[in-house]
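Engineer: Residue numbers (the working numbering): -12 to 360. Positions of the beta carbon are idealized from the N, C-alpha and C atoms, including for glycine. For clarity, every value in this text was computed on a predicted model and none was experimentally measured.
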Amino acid sequence: MKRVLMAMSGGIDSSVSALLLKRQGYDVHGVLMKNWDHGEEGVECSYEKDFRDVDWVCHKIGIEYSVIDFTAEYWNYVFQPYLASYNHGHTPNADVLCNKYIKFNFLMKQLPVFSASYLATGHYARMDGVKLIKGKDPTKDQSYFLSLTDPLAFSKVLFPVGNMLKSEVLQIAREENFNPILARKESMGLCFVGKRKKFHRFLSQYIPYNPGSAFSLENVYVGTHIGYQFYTIGQRARLQGHHKGMYVVAKDAVSNSIYVVYDYNHPAMYSDSFTIEFPSWIIIEDFPILCTVMTRYTSDATYCILSMYGDDKVHVECLFDSIRAVTPGQVAVFYLGDVCLGGSVILSRKIQNYGIQDTFIDSVVNEQKISVV
């Protein structure tokens, strides 16, 4: 009987995944990752509830579980680069980094410790050999968050609910009387923010507020902001003394300035091309590549052509539709149909005909190079 290490969160998806694996005859051992020292923050922590729910589910299913502390690894490989990216002027994606470095690397390296053959997670994604494929449920597909994972890891990964609809997963949970966890909200946002309502308040504990000027596209001063690090392209900007909605269209990290527009769909908010650097390919195709791209988890896929230039950069040209709020630091993920080719962090974008551009500070922590099992 092959043993599977099941990454547990206390949520419906990982709990049903563990149950399905046991039904399929696997020897399932649950594991709860502790990635953040919430005690340092002095606030109520979701980890305590996760622990209680994982304990309940594992006893309900009849499997053993362990808690593994990855606090140091998360700090060094996810959170420190995350902060550095904000200081650089980018807006990073911690979930993608966590999957790449923690779940599908450091956790995967625990397989021999537990004499396990596979690592399983509750992601809505599918595997075909080492091909990463979108989950069956188009409203829950999570392949976007797995796009930077080293493809060597996928040969030892199982996604038990990837070929199911969310409604089917919920039905199994109801049939098994997983009542204590059915009421849980789906985990959204960042594990280290906890229950804080304002992300910028959390971020300010590590990056001090640094007031600067906000300008219109005509370079007219419109107000004061709290620091370029606290704003994301496309985000609503609330400036003191202004009641009308404004949206961030560009950031200048060098001068600590932001540019805003009043229209959510202002033409300056859209880009028809952008650049990525050091792409992480799951499947390698010959350039130029005709495919689709997603620049955010919730964005629609857009047809594009990828062209390599230099040794490590790729130019992305949108074919039919420009994309709103292409954001340096976020992840662009590429697909051929439902097959994920890979992805990369967005380096820069084209802002058309407005005489402004994003500027950054060269302070990003270099990407960590670590081996996969």
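(1) Kindly indicate the opening and closing residues of the alpha helix (DSSP H) around Tyr61.
(2) Under the rule that 16 or more other beta-carbon atoms within 10 Å means buried, what is Ala170, buried or exposed?
(3) Could you spell out where the beta strand (DSSP E) holding Arg(-10) opens and where it closes?
(4) State buried or exposed for Asp128, treating a residue as buried only when at least 16 other CB atoms are found within 10 Å of its CB.
(5) Does the distance from the C-beta atom of Phe189 to that of Thr136 stay below 8 Å?
(6) Within its chain, find whatever has a CB closer than 8 Å to the CB of Ala160; leave out the 5 residues flanking it on each side and keep chain order.
(7) Would you call the segment 86 to 103 in contact with the segment 250 to 264, where contact means no fewer than 3 C-beta pairs closer than 8 Å?
(8) Per DSSP, what kind of secondary structure is Ala81 in: helix, strand or coil?
(9) Compare the beta carbon distance of Val65 and Lys21 with 8 Å and say whether it is the shorter of the two.
(10) Can you tell me whether Ser(-4) is buried or exposed, with buried defined as 16 or more other CB within 10 angstroms of its CB?
(11) When we look at the beta-carbon of Gly324 and count the other beta-carbons within 10 Å, is it buried (16 or more) or exposed?
(12) Give the straight-line distance between the Cα atoms of Cys291 and His46, rounded to the nearest whole angstrom.
(13) So what does DSSP say about Lys423, is it helix, strand or coil?
(14) Would you kindly check if the distance between the Cβ of Met(-12) and the Cβ of Val15 is under 8 Å?
(15) What does a CB cutoff of less than 6 Å around Lys153 pick up in its chain, not counting 5 residues either side in sequence?
(16) If I measure Cβ to Cβ from Gly29 and keep anything under 6 Å in the same chain, skipping five residues before and after, which residues do I get?
(17) Look up Ser294 in the DSSP assignment and say whether it is helix, strand or coil.
Structural biologist: The relevant details are as follows:
(1) As a first step, residue 61 must be located in the sequence shown, where it is residue number 74. Counting along the chain, the alpha helix (DSSP H) containing Tyr61 begins and ends at Thr58 to Tyr61.
(2) Here the question's residue 170 lines up with position 183 in the sequence shown. Counting Cβ neighbours within 10 Å, Ala170 comes out exposed, since fewer than 16 surround it.
(3) If you number the sequence shown from 1, residue -10 lands on position 3. Element bounds for Arg(-10): Arg(-10) to Met(-5).
(4) What you label residue 128 is simply residue 141 of the sequence shown in a count that begins at 1. Per the 10 Å Cβ criterion, buried.
(5) Here residue 189 refers to the residue found at position 202 of the sequence shown. Here residue 136 refers to the residue found at position 149 of the sequence shown. In this structure, Thr136 does not lie closer than 8 Å to Phe189 by Cβ.
(6) Taking the sequence shown and counting its residues from 1, one reaches residue 160 at position 173. Taken in chain order, the residues that qualify are Ile(-1), Ser2, Val3, Ile168 and Leu169.
(7) no
(8) Residue numbering aside, residue 81 sits at position 94 when the sequence shown is read from its first letter. Residue state, collapsed to three classes: helix.
(9) Here residue 65 refers to the residue found at position 78 when the sequence shown is read from its first residue. Here residue 21 refers to the residue found at position 34 when the sequence shown is read from its first residue. Contact flag unset, no.
(10) By one-based count along the sequence shown, residue -4 stands at place 9. With 16 or more other Cβ atoms within 10 Å, it is buried.
(11) Taking the sequence shown and counting its residues from 1, the one referred to as residue 324 is at position 337. Exposed, by the Cβ-count rule.
(12) For the purposes of this step, residue 291 is identified with residue 304 of the sequence shown, where counting begins at 1. For the purposes of this step, residue 46 is identified with residue 59 of the sequence shown, where counting begins at 1. If I take the Cα positions, the gap works out to 49 Å.
(13) This structure gives no information on residue 423, because the portion of the chain shown stretches from -12 to 360.
(14) Numbered from its first residue, the sequence shown carries residue 15 at position 28. Numbered from its first residue, the sequence shown carries residue -12 at position 1. For Val15 and Met(-12), no; Cβs fall outside 8 Å.
(15) As a first step, residue 153 must be located in the sequence shown, where it is residue number 166. Hits under 6 Å: Asp124 and Lys127.
(16) As a working mapping, residue 29 is identified with position 42 in the sequence shown. The predicted model places Gly29 with a pLDDT of 47, which falls under 50 and marks its position as unreliable; any figure quoted below should be read in that light. Nothing meets the Cβ criterion.
(17) By one-based count along the sequence shown, residue 294 stands at place 307. If DSSP states are grouped into helix, strand and coil, Ser294 belongs with the strands.
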